[in-house]
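Trainee: One structure coming up, written as structure tokens, with questions to follow.
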Amino acid sequence: MADLDRNELEQRALRELSRNQFDRATRTYTQILRLDPRDRRIRQKLAEVLLKDGRERDAEKQYRQLVKVYRHDGNHRALVAVLLQVKRLAPDDSEVTGRLGEAYRNLGRLKEARPLLEKAWRTLQRQDIETALSFADMRLAMDPSDIPFIQEIAEGLVAQNMIKRAYSYYERGMRFYRQRGQMEEMGRLAVRALELKPGDSELLQAAAEASLAIDDVQTALQHLQPAFAENPSDPVVLDLMARCFEHVGDHPKALRVLTALAAVHEQQDDPRAWVATLERAQRAGGDVGQALGRAQQALERAELRLYDLESAKPADNEVGRPCVQAEVFVRYGFVDRAASVLDQARTEHPQDLALLAWRAEVALLEGDDKTAQRLGMRFFEGCPQEDRERAEICLHRLGIAAPVAQAEPDLDDEDELIDDEDTEPPMAAAPAQAVQKRTERAYAPPPPSQDELDPFGDAGGLSDPFGDPGDPFAGVGDGTLAEIDPDDMDPFAGLDDLDDDEPAVDPQAQMDEARGLMGMGEFADARQALEGVSGLEAAALRARCQRELGDLSGALGELRDELDEADESEPGWMEATFELADLAGRAGKAKLALRSLKQIHDLDRTWRAKDVAARVRVLRKKLGR
196 MADLDRNELE
206 QRALRELSRN
216 QFDRATRTYT
226 QILRLDPRDR
236 RIRQKLAEVL
246 LKDGRERDAE
256 KQYRQLVKVY
266 RHDGNHRALV
276 AVLLQVKRLA
286 PDDSEVTGRL
296 GEAYRNLGRL
306 KEARPLLEKA
316 WRTLQRQDIE
326 TALSFADMRL
336 AMDPSDIPFI
346 QEIAEGLVAQ
356 NMIKRAYSYY
366 ERGMRFYRQR
376 GQMEEMGRLA
386 VRALELKPGD
396 SELLQAAAEA
406 SLAIDDVQTA
416 LQHLQPAFAE
426 NPSDPVVLDL
436 MARCFEHVGD
446 HPKALRVLTA
456 LAAVHEQQDD
466 PRAWVATLER
476 AQRAGGDVGQ
486 ALGRAQQALE
496 RAELRLYDLE
506 SAKPADNEVG
516 RPCVQAEVFV
526 RYGFVDRAAS
536 VLDQARTEHP
546 QDLALLAWRA
556 EVALLEGDDK
566 TAQRLGMRFF
576 EGCPQEDRER
586 AEICLHRLGI
596 AAPVAQAEPD
606 LDDEDELIDD
616 EDTEPPMAAA
626 PAQAVQKRTE
636 RAYAPPPPSQ
646 DELDPFGDAG
656 GLSDPFGDPG
666 DPFAGVGDGT
676 LAEIDPDDMD
686 PFAGLDDLDD
696 DEPAVDPQAQ
706 MDEARGLMGM
716 GEFADARQAL
726 EGVSGLEAAA
736 LRARCQRELG
746 DLSGALGELR
756 DELDEADESE
766 PGWMEATFEL
776 ADLAGRAGKA
786 KLALRSLKQI
796 HDLDRTWRAK
806 DVAARVRVLR
816 KKLGR
């Protein structure tokens, strides 16, 4: 009966409209909406009738109700049509402008969305900053690299005294510039952000890094002075200070800072950075042989994997093939496929040490610590005595200790599938201290010299690694930088008088520095260190840095251009072509990757033959060959 009443009412409304009886038609449509307030079509007709009757404000209310409904429905096309009507009736409503931009964006009509969202941000921020900011973020998501707009948002937030929020946008801009290697632009943003947060250590570091990138060492040191005063053990600050002194060839000061930085990396248990820093210290003329030996041993321990052990080497091709496949899959990021290959192989060889070692390490990459620990223990129980001490190091990294008592008997394969902690055999584990002592015995370093125990000859250690007379900030006092006499501050007095014909930096040293920075994950700095270095070896390193910085297509394009102009006889051609194949594989260009690997194969079939063959197999599978 209700449906019949509704149909009768709608017929009546149409008759009333045909007679231009708008007031009656309005009442009739209102009656229908009382029966079903969610009827979008009737509400649309009611709004149109109200417009014809000259009741624009009432029509606007109905359209705004439809805006809510269509936004809830996700019907962006209908929403655009309704918002255009509301905008015509309320042209100064900034939120409507923003909602229209949002609807266009959701339809993929970005060209129309962009100016509307920008206008909504600019006109709404003084009335409703949170809503305005939501429109600004929508606009920024369409083009995250629009640094001028990022700055505009930050400045708008500063005007509203929202300093913390403004700072986050400056940070976003600085990250973008750093990733692109545009250090001077990053420095400008850092200096502007420092006005909001004076003395902020991260901003001071960014400003110093930018100054150093444009060879303004003095300004870089001025930024680093307060950062060093706040935290003399900050590794980033120490690294930047060392780079300043390395940049101008002041090796004694660079050596003091690098020695302090190496001590920090040692304390933080970061062997890769420790080794890289000591290698820089060695290039600066430091006698760090013993310390470098300890660091290299620590790095070897940290990077040691079960499959590196002699007892984990595959005994034949039947076991070796899945291990190589697993290695390739892991390298390309397909950890689940590596696990599948190994699991299939272990159905035939459940006790094989090579397969156990690889499967334990792959389980750790998957985040399955329990499986990694169980299989790691099974490997330990089966490995020969001569591998036990190195295996203990790996077990410690897996989160378990080697057994001190008789090992429990092996589970059969069916038991391995039981996921019930109560059914797990207990592991007789040694205390963590005992494992650590055995680990240290495996790499027993020579006792450190007195100079290594206290490289600065004072009890303060790192509290003041630049004690007189070597402190580059000596005599600065407690005043502000503006009050500092430049002659007192400048640790580089007389550098302007140096002969312009002094020898250039050794390209090999630059590449060694870049490799060290890459080892620490500092890929932007590594790329910076490679500036001006020619040759395919440097080109391959630059491409790797660019890949790690997120620009895979750019890395691929640049390395491809370099190789197009190079000859196969050039040093580094094989490595650069192999890197090109790796980049092409990651970018989904399997045919280009295969062509590059074929070039290597045709030139020298023995060059990294296993790696080349494994990649060819994976790429052919991708192409369905």
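Residues are numbered in our numbering as their position in the sequence shown, beginning at 1, plus a constant of 195. For glycine and all other residues, C-beta sits at the position ideal for the given N, C-alpha and C.
1. Can you look up SER428 in the DSSP assignment and give me helix, strand or coil?
2. Do three or more CB pairs link the region 469–488 to the region 503–515 at distances below 8 Å?
3. Does the region 564–583 touch the region 505–522, meaning 3 or more C-beta pairs lie closer than 8 Å?
4. Would you say TRP316 faces chain C, with C-beta separation under 7 Å as the test?
5. Using the beta-carbon count (16 or more within 10 Å), is GLY293 buried or exposed?
6. Identify the continuous alpha helix (DSSP H) that holds SER396 and give its terminal residues.
7. How about the region 295–306 and the region 262–273: do they share at least three Cβ pairs that are nearer than 8 Å?
8. Report the CB separation of VAL244 from LEU204 in whole angstroms; it is logged as a contact under 8 Å.
9. If you compare alpha carbons, which of GLY727, ALA733, ALA719, LEU551 is closest to ASP707?
10. Select from TYR365, LEU352, PRO232, GLN322 the residue whose C-alpha is nearest the C-alpha of SER340.
11. Which residues mark the beginning and the end of the alpha helix (DSSP H) in which ASP218 is found?
12. I'd like the ranges of any alpha helix (DSSP H) spanning at least 4 consecutive residues and lying wholly in the region 300–376.
13. Residue range of the alpha helix (DSSP H) that PHE574 falls in?
14. Under three-state DSSP, which class holds THR801?
15. Going by DSSP, what residue range makes up the alpha helix (DSSP H) through PHE718?
16. Pull up the CB-CB distance for ALA388 and LEU398, whole angstroms please, since I reckon it's below 8 Å.
17. Could you tell me if GLU325 is buried or exposed, where buried requires 16 or more neighbouring beta carbons within 10 angstroms of its beta carbon?
18. Please report the distance separating the alpha-carbon of ARG516 from that of ASP777.
19. By the three-class DSSP mapping on this structure, what secondary structure does HIS544 have?
20. Taking the alpha-carbon positions, what's the PHE747 to ALA422 distance?
21. Let's see if you can read the secondary structure: which residues bound the alpha helix (DSSP H) around ASP756?
22. Report the residue from SER791, LEU319, ARG250, ALA331 whose alpha carbon sits nearest the alpha carbon of VAL811.
23. Looking at the unbroken alpha helix (DSSP H) that takes in GLN257, where does it start and where does it end?
24. GLU770 lies in the alpha helix (DSSP H); which residues open and close that run?
25. For the structure I just gave you, are there three or more beta carbon pairs, one from the region 487–497 and one from the region 442–455, closer than 8 Å?
26. Counting only the same chain and skipping the five closest in sequence on each side, list residues whose C-beta sits under 7 Å from that of LYS805.
27. Would you tell me roughly how many angstroms separate the C-alpha atoms of MET436 and ALA449, rounded to the nearest one?
28. Ignore the nearest five residues each way along the sequence and tell me which others in TYR527's own chain have a CB closer than 8 Å to its CB.
29. Assign LEU209 to buried or exposed, taking buried as 16 or more other Cβ atoms, counted over all protein chains shown, within 10 Å of its Cβ.
30. Within the same chain, show all residues whose beta-carbon is closer than 6 Å to that of THR221, passing over the 5 residues directly before and after it, in chain order.
31. With a CB to CB cut of under 6 Å and the five nearest residues on each side skipped, what residues in its chain are close to GLY368?
32. Would you kindly work out how many angstroms separate the C-alpha atoms of ASP564 and GLY594, rounded to a whole number?
33. Alpha carbons only, please: which of GLY819, GLY767, MET572, ASP759 is nearest the one belonging to ALA785?
Mentor: Walking through what the data contain:
1. In the structure shown, SER428 falls within a coil segment according to DSSP collapsed to helix, strand and coil.
2. In this structure the region 469–488 does not lie against the region 503–515, because fewer than three pairs of beta carbons, one per stretch, are closer than 8 Å.
3. Under the 8 Å Cβ criterion, the region 505–522 counts as touching the region 564–583, having at least three qualifying pairs.
4. Checking the listed chains, one finds no chain C in this structure; it contains a single protein chain.
5. By the C-beta density criterion, GLY293 is buried, having at least 16 other C-beta atoms within 10 angstroms.
6. Here the alpha helix (DSSP H) through SER396 covers 396–408.
7. Taking 8 Å as the limit for Cβ pairs, the verdict is that the region 262–273 does touch the region 295–306.
8. 14 Å between Cβ atoms; not a contact.
9. ASP707 has its Cα closest to that of ALA733, out of GLY727, ALA733, ALA719, LEU551.
10. Comparing alpha carbon positions, the residue from TYR365, LEU352, PRO232, GLN322 closest to SER340 is TYR365.
11. In the DSSP annotation of this structure, the continuous segment of the alpha helix (DSSP H) that includes ASP218 starts and ends at 217–230.
12. Runs found: 305–319, 324–337, 342–354, 358–375.
13. 564–577 is the span of the alpha helix (DSSP H), which, as asked, contains PHE574.
14. Reduced to three states, the DSSP call for THR801 is coil.
15. PHE718 -> alpha helix (DSSP H) spans 718–724.
16. Yes, ALA388 and LEU398 are in contact; Cβ-Cβ is about 5 Å, under 8 Å.
17. GLU325 is exposed by the Cβ-count criterion.
18. Roughly 20 Å between the two C-alpha positions.
19. Of the three classes helix, strand and coil, the one that applies to HIS544 here is coil, per DSSP.
20. Note that residue 747 is Leu in the sequence shown here, rather than Phe. Distance from the CA of LEU747 to the CA of ALA422, rounded to the nearest whole angstrom, comes to 34 Å.
21. Secondary structure note for ASP756: its alpha helix (DSSP H) is the uninterrupted segment 747–759.
22. If we check each option's Cα against that of VAL811, SER791 comes out closest.
23. 251–268 is the span of the alpha helix (DSSP H), which, as asked, contains GLN257.
24. In the DSSP assignment, GLU770 falls within the alpha helix (DSSP H) that extends over 768–781.
25. The answer is no - the region 442–455 does not touch the region 487–497, with fewer than three Cβ pairs under 8 Å.
26. For LYS805, where only same-chain residues beyond five positions count, the Cβ hits under 7 Å are VAL519.
27. Between MET436 and ALA449, the alpha-carbon positions lie close to 8 Å from each other.
28. Hits under 8 Å: GLY780, ARG781, VAL813.
29. Of the residues assessed, LEU209 falls on the exposed side of the cut-off, its CB having fewer than 16 other CB atoms within 10 angstroms.
30. These residues qualify, in order along the chain: VAL244.
31. In the same chain as GLY368, and ignoring 5 residues on each side of it, the C-beta atoms closer than 6 Å to its own belong to ILE342, ILE345, LEU384, in chain order.
32. Distance between ASP564 and GLY594, taken at the CA atoms: about 8 Å.
33. Measuring from the Cα of ALA785, the nearest candidate turns out to be GLY819.
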